[in-house]
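Asker: Below: one structure in structure tokens.
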Amino acid sequence: MLSSPFHFPSYHVPPETEGLREEVREFLAEMSSHWSGWDIGHSWTGFNREFSREVGKRGWIGMAWSKAYGGHERSVVERYVVVEEMLAAGAPVGAHWVADRQSGPLILRHGNEAQKQTLLPRIARGEAAFCIGLSEPDSGSDLASLRARAEKVSDGWLLNGRKIWTTYARECDFMIGLFRSSGSPEQKQKGLSQFLIDLTVPGIEINPIRDLTGESHFNEIVFDNVLLPEDSLVGEEGNGWAQVNAELAYERSGPDRYLSSYPLLPAAIDALNENTMDRLSARAVGLAFTDITVLREMSLSILNQLGEGKTPLQEAAVTKLLGTELEQDMPELVRSLLDCSPSIDPHHTLSHMQGYLTQSVPSFSLRGGTNEIMRGIIARGLGLR
Amino acid sequence: MTDATDLPIGEMLADQLQRLLARAVDAKRLTAIEEGAPITELWQEIEALGVTLALASNDIGADLGWQNCLPMLRTLGWHGAPVPLAESLLASQVLAAAGMDIPAGALAVSHVAFTLDGDNCVSGSDGLVSWLPHCSHLVGVAVRNKQKFLFVVSTTDLPSQPVDSFARIPAAAITLQAQAVAQCAPVAESTDLLASMALLRAAVISGILDRILSLTIEYANTRQQFGRPIGKFQAIQHHVAELAMQSAAAQAGVIFGCQQMDVGNSVSGAAIAKVRASVAATAAASAAHQVFGAIGVTEEHELQLLTRRLWQWRGEAGSDHFWAETLGREVIAAGSHNLWPRITDAQLRA
């Protein structure tokens, strides 16, 4: 029978958001004067608390949350407009990114009243930075095999184990971590729970991991008899896997899955305009422009479907795959257009950006589920098993 | 099954077309048509559904707009597009808009620029007009003194040569030298048969991709090697995922193109749709053939009927390369500061 397994009904950003878009553009034009190409290349992994506080002041964090918790009761599409403008400019949104995209909404949905009252307003002010504790040294793509344990004790929860590849754990205030609260690693998805962890409590050791760019975004975190208060559990005990998965359609379809290296493209166009343009260069730019336009349509369609209460997980998975391939290819596109020197020139924005992104794009198809895991999810969703 | 009366009009038309094509068209029929069998009977059945005037404006046709016609076009693709329905939809639309009569029978479209002389005779040539041998008339645009005219010529005395193509659809090359027209009328400068044909081809490609995805999933789940269905192998799953991604992107691209067409932003919307669908066609054909192995390249297998059409339509009405270059030149010339606004403004509002 005739059908497509995917649905991408078109969704239009309402024209009423144009004023907001202009405000964000003006703000970014002002803030961006000191950003180097290297900074811009960091996109949503650029960590800058001062910038996040400025964004918070303008009401652009926790935009769709209730005012009772410091939110601004604006629409999810208004948030989308703000976020895509930030990413297109390569703004350093990293200090509020995880909390605004994931941890805040999680607390709003599953958190207890005290967590909502104390944390959400801080997040919305750009003053509480969150990280995510999922992977472990022995559990990467096979996340459900994780071993770190949360043991129920008389005065709360006792955490033991290790988390790894946690971005900005040293700089962050809180972690939302996935721990095994019952059963054994062989039981996989069963018995996992999410915890809110204040990273300043005793027993937590955070070790930075230097990466190939010379920076240390990743960390390994050791939990040695860390005692958390009873109300640190987020949501239901044993429901952690389902809670994590419920966020995935958002996490995998946002503009951060296709715009991470976007700022290279306008910079390359400037360089092309300084030279004579050939047919193949025009084709390559036209193709990238097409891909970005279509990915944005897919991403907006998913945003709207989520708003209608649907769970377009398959659509989100294909969008993430296509998007990460595009953003991962971007430095190679620039190299083919401009035959860049392998030097990294801090006084030359494009060279600096290209220098950072060439080295950081390998992680784009790893974070948020590797491309191989995503392909498996898509294939199984299509009925292959 | 969904009750057709619950569906939006576009889905309803597609549903009717689907029933007809599912009954009337199979691999044998497609092959026969490739070998020159007449399409008259099938065309009459399609005309009887009333779908051929779906794009034409109100007093003549249904004026449904491109977005409403998309499900029908994808259905056409799903069944290998055995008739020039896409061409006839477009021809009727432009003829109705120009206040001209819509001739009986299937209509062919040429999107090259012809010239019109003072005696209303057209000149020019087109190296590939699909379906021409089965059409009663050809519709095209000719220019006289910078004014665009829509013209209709009868195919009866048209100087033409048969052309072989990947799709093996009956096609012809035409050379018109002061050919007398059956009708002609001035049309707006914005009349762009190339862009419209590009979007039609893209929409049909999207339907073919849906079908190929469905066939490939079925094959991967049933073909056994090493004691299990080949779909259990990750390497095969990854090909199927690639195919799925491409079909999804093509779908989103053509939805965007139709939406843009409906709000009057025809050329850039069609360009984006055609680039994305054509790129998808290439990647999907390759992935599907890899999954099917040798049986997929045999003449008896239906996959090749579909992949040959992908190779045909990715190249017709401007290839992905042609449109990507067109878009790229515009985007680069507009300068870096206009790139992001161009992306966010792409959704023109009606």
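One line per chain: the protein sequences are A and B, in this order. All you need for this note's numbering is the position in the first sequence, starting with 1, plus 1184. All you need for this note's numbering is the position in the second sequence, starting with 1, plus 3. Cβ coordinates follow ideal geometry from the N, Cα and C atoms, glycine included.
#1: Looking at chain A, is there any beta carbon in it that lies within less than 8 Å of the beta carbon of residue 75 of chain B?
#2: Step through the CB atoms of chain B and report whether any lies within less than 8 Å of the CB of residue 1485 of chain A.
#3: Where does residue 318 of chain B fall in DSSP's three states?
#4: Would a C-beta distance cut-off of 8 Å place residue 316 of chain B and residue 207 of chain B closer than the cut-off?
#5: Is it buried or exposed, residue 1380 of chain A, if we count other Cβ atoms within 10 angstroms and call 16 or more buried?
#6: Decide if residue 298 of chain B is buried, meaning its Cβ has at least 16 other Cβ atoms within 10 Å, or exposed.
#7: Please confirm if residue 1194 of chain A has its CB atom under 8 Å from at least one CB of chain B.
#8: Quick check on this structure: which residue in B/166, B/215, B/113 has the alpha carbon closest to the alpha carbon of residue 321 of chain B?
#9: Go ahead and pull the three-state DSSP assignment for residue 1272 of chain A.
#10: If you follow the alpha helix (DSSP H) that residue 1472 of chain A is part of, which residue opens it and which one closes it?
#11: For a test of the three-state rule: what should DSSP assign to residue 1402 of chain A, helix, strand or coil?
#12: Could one say the Cβ of residue 1567 of chain A lies closer than 8 Å to chain B's Cβ atoms, at least one of them?
#13: Can you tell me which of B/339, B/189, B/349, B/179 puts its alpha carbon nearest to the alpha carbon of residue 149 of chain B?
#14: Count the CB pairs spanning the region 1353–1370 of chain A and the region 1314–1332 of chain A that are closer than 8 Å, and state whether there are at least three.
#15: Return the CA-CA distance between residue 209 of chain B and residue 77 of chain B, expressed in angstroms with no decimal places.
#16: Going by the beta-carbon positions, is the gap between residue 70 of chain B and residue 265 of chain B smaller than 8 Å?
#17: Anything in the region 1498–1515 of chain A with a Cβ closer than 9 Å to a Cβ of chain B? List those residues in chain order, please.
#18: Around the Cβ of residue 229 of chain B, are there at least 16 other Cβ atoms within 10 angstroms (buried) or fewer (exposed)?
#19: Give a yes or no on whether the C-beta atoms belonging to residue 1511 of chain A and residue 1545 of chain A are separated by under 8 Å.
#20: Can you name, in chain order, every residue of its own chain whose Cβ lies under 7 Å from the Cβ of residue 1542 of chain A, other than the five neighbours on each side?
#21: Are the region 1318–1328 of chain A and the region 1289–1298 of chain A touching, with three or more C-beta to C-beta distances below 8 Å?
#22: Mapping the DSSP letters down to three states, classify residue 1395 of chain A as helix, strand or coil.
#23: What's the gap between the Cα of residue 1336 of chain A and the Cα of residue 1300 of chain A?
#24: Is there at least one Cβ from chain B nearer than 8 Å to residue 1474 of chain A's Cβ?
#25: Can you give me the Cβ contacts of residue 1310 of chain A inside the same chain, cut-off strictly under 6 Å, excluding the 5 residues immediately before and after it?
#26: Can you grab the Cα-Cα spacing for the pair residue 1437 of chain A / residue 1476 of chain A, in whole Å?
#27: Suppose contacts are defined by Cβ-Cβ distances below 8 Å. Is residue 1227 of chain A in contact with residue 1444 of chain A by that definition?
#28: Tell me the rounded alpha-carbon separation between residue 29 of chain B and residue 56 of chain B.
#29: Tell me where the beta strand (DSSP E) around residue 152 of chain B begins and ends.
#30: Does the beta-carbon distance from residue 236 of chain B to residue 187 of chain B come in below 8 Å?
#31: Please list the segments of the beta strand (DSSP E) lying wholly inside the region 110–190 of chain B, counting only runs of 3 or more residues, in order along the chain.
#32: List the residues of chain A whose Cβ lies closer than 9 Å to the Cβ of residue 229 of chain B, in chain order.
#33: Ends of the beta strand (DSSP E) at residue 1251 of chain A?
#34: For the beta strand (DSSP E) containing residue 1335 of chain A, name the first residue and the last one.
#35: Could you pull the DSSP bridge partners for residue 228 of chain B from this structure?
#36: Whether or not the region 1454–1469 of chain A and the region 1378–1395 of chain A are in contact is what I'm after, with contact meaning three or more pairs of Cβ atoms, one per stretch, closer than 8 Å; do they touch?
Answerer: The short version:
#1: no
#2: yes
#3: helix
#4: yes
#5: buried
#6: exposed
#7: yes
#8: B/113
#9: helix
#10: 1463–1491
#11: strand
#12: yes
#13: B/189
#14: yes
#15: 6 Å
#16: yes
#17: 1498, 1499, 1501, 1502, 1503, 1505, 1506, 1509
#18: exposed
#19: yes
#20: 1515
#21: no
#22: coil
#23: 23 Å
#24: yes
#25: 1236, 1237, 1239, 1240, 1245, 1280
#26: 13 Å
#27: yes
#28: 25 Å
#29: 150–157
#30: no
#31: 110–119, 124–133, 140–147, 150–157, 163–166, 174–183, 186–189
#32: The contacting residues do not exist; residue 229 of chain B stays about 16 Å from chain A at best.
#33: Note, residue 1251 of chain A: premise wrong, no beta strand (DSSP E); not H, not E.
#34: 1333–1337
#35: B/231
#36: no
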